[in-house]
Amino acid sequence: MPHPVSRWTLRTKLLASVLSLLALTMLAVGALTLVFTQQYLERQLAADLQTSLTRVDDRRGGDARVPPAGFPGAPFRTPGSGDTLVLELTSTGAVAVDVLGVAVNSVVDQRGRYTVLTDAQIATLSQVAVGSAPVRIDLGDGIGTYLVTSRALSTGDLLVVGLSTAPVEELTERLVAVVAGGTAVGLALVAFGGTIVIRRSLAPLDRVAATARGVSRLKLDSGDVALAVRVPEADADERTEVGQVAHAINTMLDNVESALQARQESETQVRQFVADASHELRTPLASIRGYAELTRREREPVPENVTHAISRVESEALRMQELVEDLLLLARLDAGRPLEREPVDLSLLAVNAVSDAHAASPDHAWELDLPAEPVEVPGDRARLHQLLANLLANARTHTPPGTKVVTRVRPEGGHVRVSVSDDGPGVPEPLQASVFERFTRGDDARTRAGGSTGLGLSIVAAVGQAHGGRVELASRPGDTTFSVLLPSG
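Basically the working numbering = 1-based index in the sequence shown + 274.
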């Protein structure tokens, strides 16, 4: 099925437009040439016919009926390049003969050979009105079509003279063939030459597109980005249309590069601030917890309300310390701190993580689905354990008691898929696109039994990416699966 015109390439559209205009022009010129040439030949044939009629009349009516010098004594040639027809009818309708006794009811060809007309042909020719404009008559029987005129002689006879239209028709046919052939050859030459010219003319546009494709393949969402790709200066001449596009793209890339550098500097400052703040907060938070524990060891009786307040201070200090540790870990991962690289048994990690989750929430139904053989990946054991622990904590926190949670480890091509599935209420659809972003919290549709910092899944995504993997989510009511794909080698 041919592509619609809207899907044609610019080269194809330009070439098709040029060829269409050329074809229309050549056909129009050819048609006009044919029309005017045919009109000219028709007028010339009519003029030759009148000349032939006059000369035949003069020869038929000469003094003493003596033929002029050179008269062959047989059917004679009259002016014109084609065959000539001569017919003389008496007033009684009989065919007259010339002074030499040779019938003139004949057609003479260019070689001097003649063909005697039949009675039917003579009857047709006798109908030509005297003094009327020349008419075309098809005599058939291999004789063809003639332009015929007639004249009344002083003797009362009717002289009919005709010239064959075959030369005009033959010349017209040749001219049609020349116009058609010239048009075809011209279109072929223009198509060949136009393809080369258009390709060379649009080559700078190809280089502009190649530059744009190169930029589109760059990772621009994070990290220090350097847009060193530019359209060559030779193609960015603003005096040409393609050069204007190339110059605009280069200017746009300059602006994008400046914006990306500003974004990177801002992100670096924020990450550095978070890392510094987290590091600095660890010590005072540890001190707060220490003083809270020291208060509980006091031998003297402490009022109950003070004891409750101290326990709340210790609890919130512990929660804040966990938040600070999470922020510090994310800052280190964002900064690209290298992780340990050693073989890690994911099957064993999954067993330990599920065992911890069961101890933390015995009201959930915890299940393991592991292959028969241990599955290993290169990575940081502590970070991978934290990844699994966060996935299980997410399921425990955001699903009601009695929910079944299944942890699976499966080799998958060159990766290993670690997934945690539950049959809880699911992640709301508006939240699914941002569930791995920082400080994203579930709404009331996923009931929480305890507090959440909103950093657990973002740590899962960061740890997975730091190991060269990726995270995935598939969720609907009754079936939610969080997956991490890690390279197996």
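Positions of the beta carbon are idealized from the N, C-alpha and C atoms, including for glycine.
Whole-angstrom distance between residue j and residue i, CA atom to CA atom
{"i": "S708", "j": "S585", "result": "35 Å"}
{"i": "G742", "j": "V587", "result": "40 Å"}
{"i": "G752", "j": "D696", "result": "7 Å"}
{"i": "R351", "j": "G414", "result": "Because R351 carries a pLDDT of 43, less than 50, the predicted location of this residue cannot be relied on, and the following value inherits that uncertainty. Each residue's alpha carbon lies about 21 Å from the other."}
{"i": "V292", "j": "A486", "result": "29 Å"}
{"i": "V376", "j": "V360", "result": "Only weak support exists for where V376 lies, its pLDDT of 42 falling under 50; the value from the coordinates is given anyway. Using only the alpha carbons, I get a separation of about 12 Å."}
{"i": "L296", "j": "L461", "result": "7 Å"}
{"i": "D600", "j": "G688", "result": "30 Å"}
{"i": "S749", "j": "L623", "result": "25 Å"}
{"i": "P478", "j": "P278", "result": "26 Å"}
{"i": "L289", "j": "A302", "result": "20 Å"}
{"i": "D619", "j": "A663", "result": "15 Å"}
{"i": "G730", "j": "E703", "result": "19 Å"}
{"i": "A533", "j": "L527", "result": "10 Å"}
{"i": "S355", "j": "D332", "result": "Legend: pLDDT at S355 = 46, less than 50; position of this residue unreliable, value from coordinates given subsequently. About 20 Å."}
{"i": "A740", "j": "R570", "result": "42 Å"}
{"i": "D372", "j": "D322", "result": "At D372 the pLDDT is 49, less than 50, meaning the model places this residue with poor confidence and gives no usable figure here."}
{"i": "A768", "j": "A633", "result": "With the chain covering 275 to 763 only, the question about residue 768 has no answer from this structure."}
{"i": "L597", "j": "S490", "result": "37 Å"}
{"i": "G698", "j": "S635", "result": "15 Å"}
{"i": "G336", "j": "G430", "result": "Its pLDDT being 44, under 50, G336 is placed unreliably by the model, and nothing is read from it."}
{"i": "R744", "j": "I562", "result": "38 Å"}
{"i": "E614", "j": "E574", "result": "49 Å"}
{"i": "K493", "j": "D480", "result": "22 Å"}
{"i": "S400", "j": "A407", "result": "15 Å"}
{"i": "E515", "j": "A465", "result": "23 Å"}
{"i": "Q395", "j": "G304", "result": "37 Å"}
{"i": "E512", "j": "A522", "result": "9 Å"}
In DSSP terms, what residue i is bridged to
{"i": "Y420", "result": "I411 and S438"}
{"i": "S695", "result": "V680 and T755"}
{"i": "P685", "result": "V690"}
{"i": "G653", "result": "E616"}
{"i": "R744", "result": "L759"}
{"i": "A426", "result": "L432"}
{"i": "R571", "result": "Paired residues: none, contrary to the question."}
{"i": "R750", "result": "D753"}
{"i": "W640", "result": "V679"}
{"i": "E362", "result": "L433"}
Contact under 7 Å by Cβ, residue i with residue j
{"i": "V737", "j": "R657", "result": "yes"}
{"i": "V422", "j": "V409", "result": "yes"}
{"i": "G488", "j": "V503", "result": "yes"}
{"i": "A583", "j": "L559", "result": "no"}
{"i": "L319", "j": "L432", "result": "no"}
{"i": "T755", "j": "G700", "result": "no"}
{"i": "D357", "j": "V330", "result": "no"}
{"i": "V482", "j": "A520", "result": "yes"}
{"i": "Q706", "j": "L747", "result": "yes"}
{"i": "T419", "j": "M300", "result": "no"}
{"i": "S621", "j": "P577", "result": "no"}
Whole-number beta carbon distance between residue j and residue i, since they are thought to touch under 8 Å
{"i": "L631", "j": "L666", "result": "The question names Leu, but residue 631 in the sequence shown is Ala. Right, their Cβ atoms sit about 4 Å apart."}
{"i": "I417", "j": "T398", "result": "No, I417 and T398 are not in contact; Cβ-Cβ is about 11 Å, not under 8 Å."}
{"i": "A735", "j": "F713", "result": "The pair is not a contact, with the Cβ atoms about 13 Å apart (cut-off 8 Å)."}
{"i": "S757", "j": "V690", "result": "Actually they are not in contact, since the Cβ atoms of S757 and V690 sit about 11 Å apart, beyond 8 Å."}
{"i": "L501", "j": "V530", "result": "6 Å"}
{"i": "L306", "j": "L445", "result": "About 16 Å separates the two Cβ atoms, so there is no contact after all."}
{"i": "A510", "j": "N524", "result": "6 Å"}
{"i": "L568", "j": "I733", "result": "Not quite, the Cβ-Cβ distance comes to about 32 Å (not below 8 Å), so this is no contact."}
{"i": "L476", "j": "R285", "result": "6 Å"}
{"i": "S424", "j": "V402", "result": "4 Å"}
Can you find at least 3 beta carbon pairs, one from the region 459-473 and one from the region 435-451, that sit closer than 8 Å? Counting C-beta pairs closer than 8 Å gives fewer than three between the region 459-473 and the region 435-451, which falls short of the contact rule.
Segment contact flag, the region 664-674 with the region 644-653, C-beta cutoff 8 Å, min 3 pairs: No, the region 664-674 does not touch the region 644-653.
Decide yes or no for the touch test of the region 641-649 against the region 678-686: beta carbon pairs closer than 8 Å, at least 3 of them. Yes: at least three Cβ pairs fall under 8 Å.
Any 3 or more C-beta pairs closer than 8 Å across the region 314-326 and the region 437-445: yes
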